[in-house]
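The opening position of the sequence shown corresponds to residue 48 in our numbering, with each subsequent residue numbered one higher.
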Amino acid sequence: MRKFRITVRPIVAGAIILAAAGCFNALRQKPGIPESPPVTVEDRAVGEQLRDELLSRYPEDTQPEDRQQVLGVTSRLLDAAGDPNGWNITIFQDGAEVNAAASRGKQIFIWTGLLDAVNNDEELSTVLGHEIGHVLADHVADVQFGAQYSAEEEYEADRIGLLLMAEAGYDPKKALLFWQRIAAAAGPNSSPVIGIPVTGSPKNPGEPAGAEVFLSTHPSSEKRIRRIQAELAGAEERYQYAEGGRTH
48 MRKFRITVRP
58 IVAGAIILAA
68 AGCFNALRQK
78 PGIPESPPVT
88 VEDRAVGEQL
98 RDELLSRYPE
108 DTQPEDRQQV
118 LGVTSRLLDA
128 AGDPNGWNIT
138 IFQDGAEVNA
148 AASRGKQIFI
158 WTGLLDAVNN
168 DEELSTVLGH
178 EIGHVLADHV
188 ADVQFGAQYS
198 AEEEYEADRI
208 GLLLMAEAGY
218 DPKKALLFWQ
228 RIAAAAGPNS
238 SPVIGIPVTG
248 SPKNPGEPAG
258 AEVFLSTHPS
268 SEKRIRRIQA
278 ELAGAEERYQ
288 YAEGGRTH
């Protein structure tokens, strides 16, 4: 059985660059979804350095079907976030890494192990919506050089991710089913490690930066599921409303 644990090391090459045209309607901010924080020159440099480091360790996945799936899901989520432009998306080929992450400079990283582990686009949107949620909430600005997200930041990213799913046309109930499935595979009191911040140390940026150690600040599966259940009614209402708008 695959363990839902992430061993993070640096990532990327030949990223997909999103520059959506004609998405001005998406730029209207939606309740509960934070406005994307400004990206500085330093942010871009940090993100690009991270891509280069990761690229030195992982080969890029160039399978057209993988790129099509990832680009389709991320495009819808970023449209829902009101920030569809300027993101770099890189897929790494490593079936043992069940992982996705977002970093400063509008970088999104996905490993093929995650694509193998999810059953459908809804499950992929659960993980990617969570990662984009960290960026929108400006968590990645504080998570540098191997530090981990706090439990509250994880919960906030889950909440934002549910709303992004709803606005993008993915049923938020599938997020609950996904985390329940992950919990069943990992154990009721475990903490599935998906989306650990991908960063290196300032002195040795190519080092894993402690990503193999899962800190107690991350919520357990049981706690995470309870919080998602508490947020689900509101997200489902948004999903139904958004779906109604799409059918007219």
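Note that beta-carbon positions come from the ideal geometry of N, C-alpha and C, so glycine has one too.
Could you work out which residue in the options is closest to residue i when comparing CA atoms only?
i, options, result
"D141", "R104, A184 and I207", "R104"
"L124", "P219, V187, L224 and P106", "P219"
"Q276", "E89, G160, R206 and L97", "R206"
"L102", "W158, G208, A204 and A232", "W158"
"F226", "E82, L279, T109 and A128", "It should be pointed out that residue 226 corresponds to Trp in this sequence rather than to Phe. Closest option to W226, Cα to Cα, is L279."
"Y217", "E95, G133, L97 and Y288", "Y288"
"N135", "V117, Y202, N146 and A164", "V117"
"I229", "E201, V174, P78 and D99", "V174"
"S268", "G291, T137 and E201", "E201"
"H181", "E199, N166, E170 and V165", "E199"
"A215", "E290, Y196 and A164", "E290"
"D126", "R273, A233, K77 and S197", "K77"
"T109", "V88, T137 and E100", "T137"
Please state the DSSP three-state secondary structure of residue i.
i, result
"I229", "helix"
"I80", "coil"
"D218", "coil"
"S268", "helix"
"Q287", "helix"
"V182", "helix"
"V93", "helix"
"Q195", "coil"
"V88", "helix"
"A258", "Reliability of the predicted coordinates at A258 is poor, the pLDDT of 29 falling under 50, and the value obtained from them is presented with this limitation in mind. Three-state DSSP puts A258 in coil, outside helix and strand."
"L210", "helix"
"A280", "helix"
Do residue i and residue j have their C-beta atoms closer together than 9 Å?
i, j, result
"S122", "P131", "yes"
"A143", "G176", "no"
"I80", "L162", "no"
"P106", "F156", "no"
"A149", "V187", "yes"
"G152", "R114", "no"
"A282", "A204", "no"
"S172", "A128", "no"
"G119", "D185", "no"
"N146", "G133", "no"
"L97", "Q154", "yes"
"E178", "G208", "yes"
List the whole-angstrom C-beta distance separating residue i from residue j, where the pair is believed to meet the contact cut-off of C-beta under 8 Å.
i, j, result
"R271", "L210", "Contact flag wrong, Cβ pair sits at about 16 Å."
Compare the C-beta of residue i with all C-beta atoms of chain D and state if any pair is closer than 9 Å.
i, result
"D99", "Here chain D cannot be found, since the structure has a single protein chain."
Within the stretch 104-180, note down every full alpha helix (DSSP H) run reaching 4 residues or more, in order along the chain.
-> 111-128 and 159-164
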